[in-house]
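Using my numbering, the first residue of the sequence shown is number 754, and each one after it goes up by one.
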Amino acid sequence: FPETYDLWHQIEDKYQIKLRTISSEVTPETQQSLYGEQLWLTDPDLCCYIRKIKPLKKALNGYDGWMTAIRRNQTEIRSKANVVEWDNQWQILKINPLVNWSKAKVWNYVVENNVPYNPLYNKGYPSIGCTHCTRPVNPGEDERAGRWAGKEKTECGLHGGNKLISLNHSS
754 FPETYDLWHQ IEDKYQIKLR TISSEVTPET QQSLYGEQLW LTDPDLCCYI
804 RKIKPLKKAL NGYDGWMTAI RRNQTEIRSK ANVVEWDNQW QILKINPLVN
854 WSKAKVWNYV VENNVPYNPL YNKGYPSIGC THCTRPVNPG EDERAGRWAG
904 KEKTECGLHG GNKLISLNHS S
């Protein structure tokens, strides 16, 4: 989404940081040539592997940990997350500082601290992923209902396989 790239630049400007681009080595054109025009429809798991999982695995190589913004109340898989856990999938430490936060607490923080956010949220997109796999949600739907709409899929695969580490820590 163009709005996501605009947000990227706003964050870099506001916080005086440089965000790192992580992208697939497979261009959309090559992906289409190899797997057909709409891989996200025919095999969303493979599409997520090519576009998200494989690039993140490469990007995390050499690091001791990574940080996410997942919350327990988002999905069944995420409900088991801990603030700090060993990520079996990536073989590094995974830190989830917002894991105990509610959606309301996140938004209170955003408003109180003037944190830039994606304007798509104001257009009914409470969870934003790839353009082909994300739609606005209808009133009363779960906040992640717009992801892989019409599919059983609820996760891209980045947040599975974690061994919980009990640190008796809460946020």
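For each residue, glycine too, the CB sits at the ideal point set by N, CA and C.
Can you say whether residue i is buried or exposed, counting buried as having 16 or more other CB atoms within 10 angstroms of its CB?
i: Pro755; result: exposed
i: His762; result: exposed
i: Leu917; result: At Leu917, the pLDDT of 48 sits below 50, so the modelled position is not reliable and the matter cannot be decided from this model.
i: Thr828; result: buried
i: Lys847; result: buried
i: Leu787; result: exposed
i: Tyr758; result: exposed
i: Ile803; result: buried
i: Gly882; result: buried
i: Leu772; result: exposed
i: Tyr878; result: buried
i: Gly899; result: buried
i: Leu920; result: Note that Leu920 scores 45 on pLDDT, short of 50, meaning its location in the model is unreliable; the coordinates nonetheless yield the value given after this. Exposed, because fewer than 16 other Cβ atoms sit within 10 Å of the Cβ of Leu920.
i: Ile770; result: exposed
Throw me the rounded Cβ distance for the residue i and residue j pair, which I believe falls under 8 Å.
i: Lys876; j: Pro797; result: That pair is no contact at about 23 Å.
i: Lys767; j: Pro889; result: Lys767 to Pro889, Cβ: 26 Å. No contact.
i: Trp793; j: His912; result: Trp793 to His912, Cβ: 19 Å. No contact.
i: Trp819; j: Trp839; result: Not confirmed; about 12 Å, so no contact.
Out of the options, state which residue places its alpha-carbon closest to the alpha-carbon of residue i.
i: Pro850; options: Ala834, Val863, Val864 and Ala857; result: Ala834
i: Asn853; options: Trp860, Tyr862, Asn866 and Val836; result: Val836
i: Lys805; options: Asp759, Gly818, Thr774 and Pro872; result: Thr774
i: Ile823; options: Val864, Glu896 and Thr780; result: Glu896
i: Leu799; options: Ala812, Val779, Trp843 and Asp817; result: Val779
i: Ser777; options: Thr795, Lys810 and Ile770; result: Lys810
i: Thr887; options: Cys909, Asn866 and Asn867; result: Cys909
Under three-state DSSP, which class holds residue i?
i: Ile764; result: helix
i: Trp860; result: helix
i: Ile806; result: helix
i: Cys909; result: coil
i: Asp796; result: coil
i: Glu838; result: strand
i: Leu772; result: coil
i: Thr757; result: helix
i: Asn875; result: helix
Could you pull the DSSP bridge partners for residue i from this structure?
i: Arg897; result: In DSSP, Arg897 forms no bridge with anything.
i: Val852; result: DSSP, once it has assigned bridges, lists no residue as partnering Val852.
i: Thr887; result: Arg900
i: Trp819; result: Lys847
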